[in-house]
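Each remark here refers to the structure printed beneath this line.
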Amino acid sequence: MTEKFVEITSEVYQGQFGEFTITESDRLSVIIYRSALAISAVCFSVGALLVLLQPNNPQILNWLTWLYCGFSLGLGVALWTIHIYLELLHRVLQLFWAIGVIASVGIALYFPEPLAIAIYEHPIALIGVGFSFAALTGIFFKESFCFNRFETKFLVPLLPVLILGHLVSLLPIAIEQSLLGTWAVLFMIFAIRKLSQEIPSDIGDKSVFAYLKAQKQQAA
Numbered sequence: 003m004t005e006k007f008v009e010i011t012s013e014v015y016q017g018q019f020g021e022f023t024i025t026e027s028d029r030l031s032v033i034i035y036r037s038a039l040a041i042s043a044v045c046f047s048v049g050a051l052l053v054l055l056q057p058n059n060p061q062i063l064n065w066l067t068w069l070y071c072g073f074s075l076g077l078g079v080a081l082w083t084i085h086i087y088l089e090l091l092h093r094v095l096q097l098f099w100a101i102g103v104i105a106s107v108g109i110a111l112y113f114p115e116p117l118a119i120a121i122y123e124h125p126i127a128l129i130g131v132g133f134s135f136a137a138l139t140g141i142f143f144k145e146s147f148c149f150n151r152f153e154t155k156f157l158v159p160l161l162p163v164l165i166l167g168h169l170v171s172l173l174p175i176a177i178e179q180s181l182l183g184t185w186a187v188l189f190m191i192f193a194i195r196k197l198s199q200e201i202p203s204d205i206g207d208k209s210v211f212a213y214l215k216a217q218k219q220q221a222a
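Following this note's numbering, the numbering of the sequence shown begins with 3 at its first residue and continues without gaps.
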């Protein structure tokens with residue numbers, strides 16, 4: 003009987019604070035992160051497309067609720083698996099997402115209208131729901147800072163402009179529609195480009211994570 007042994011080797015990288023390797027678990031987390039972003043982008047973009055093309059169709063309202071759920075779920079998984087050096091920032095973005103989800107559930111239970119109509123007709127609801135979009139903006143900012151992506155440079159200011167503009171009733175409907183459409187297109191471009199990016203780049207310098215963890219343990 004002949005046994006075959008397969009040796010699995012990992013490429014060694016030189017980081018700022020020493021050498022490190024990238025494991026299969028690291029790669030899986032990146033794949034999950036990108037897949038979650040893609041799901042979030044598709045749900046948001048399809049919802050935006052339905053709103054822009056059929057704004058007066060009441061039949062799409064239930065679809066919008068489910069698409070928003072898919073968007074929120076994808077965003078949550080992405081925030082759970084994203085690699086960010088600053089742990090505090092990572093936790094803040096996750097907290098923002100949680101606040102946004104809780105606020106969305108509260109709005110859905112409190113107002114008799116479908117979720118999308120309740121948020122649109124009661125802009126004050128954006129104070130709670132907007133935390134989810136603040137978390138998404140954090141992802142865009144991280145991606146813009148780390149990878150200099152052109153689409154995220156537009157998305158970082160676009161989200162707060164649209165949300166705050168609607169909150170204070172500052173933007174005309176035509177401008178809001180244009181910004182929403184731009185957001186949907188750029189979000190899809192971002193998600194698609196992430197799928198073809200080399201995996202190690204999304205993992206980052208693991209020696210930095212190890213160093214920060216050691217510093218935290220020493221402080222404790």
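Yeah, the Cβ is synthetic: ideal placement off N, Cα and C, and Gly gets one too.
Keep in mind the model is a prediction, meaning the values are calculated, not measured.
Check                                                                                                        : Outcome
Coarse secondary structure for residue 79, derived from DSSP in three states                                 : helix
Boundaries (first-last residue) of the alpha helix (DSSP H) holding residue 192                              : 175-197
Residue 163 Cβ short of 6 Å to the ligand NAD heavy atom set                                                 : In the structure shown, the ligand NAD is absent, as is every other ligand, since no ligand is present at all.
Stretch pair the region 54-68 + the region 202-209: three plus CB contacts closer than 8 Å                   : no
Burial state of residue 102, where buried means 16 or more other Cβ atoms lie within 10 Å                    : buried
C-alpha distance - residue 31 paired with residue 180, whole-angstrom precision                              : 34 Å
Own chain, CB closer than 8 Å to residue 116, minus 5 neighbours either side, in chain order                 : 63, 64, 66, 67
At least 3 beta-carbon pairs within less than 8 Å: the region 73-82 vs the region 35-43                      : yes
C-alpha distance - residue 27 paired with residue 196, whole-angstrom precision                              : 18 Å
Euclidean distance between Cα positions of residue 199 and residue 112                                       : 42 Å
Check whether residue 137 and residue 91 have beta carbons under 7 Å apart                                   : no
Exposure of residue 93, with buried meaning 16 or more beta-carbon neighbours within 10 Å                    : exposed
Limits of the beta strand (DSSP E) - the one that residue 152 falls within                                   : It is not in any beta strand (DSSP E) - residue 152 instead sits in the alpha helix (DSSP H) that spans 152-169.
Classification of residue 7 by the beta-carbon crowding that lies within 10 angstroms, buried from 16 upward : Low local confidence applies: a pLDDT of 31 at residue 7 is under 50, so the model's placement there is unreliable, and no value is given.
With 16 other Cβ atoms within 10 Å as the buried cut-off, status of residue 139                              : buried
Rounded separation between residue 191 and residue 152 - CA only                                             : 10 Å
Beta carbon of residue 134 nearer than 7 Å to that of residue 99                                             : yes
Of the listed residues 189, 168, 89, nearest to residue 217 (C-alpha basis)                                  : 89
Option nearest residue 81 by Cα separation, candidates 171, 189, 141                                         : 141
CB contact flag (residue 49, residue 77, <7 Å)                                                               : no
DSSP-derived helix/strand/coil call for residue 25                                                           : coil
Under 7 Å between C-beta atoms of residue 157 and residue 188                                                : yes
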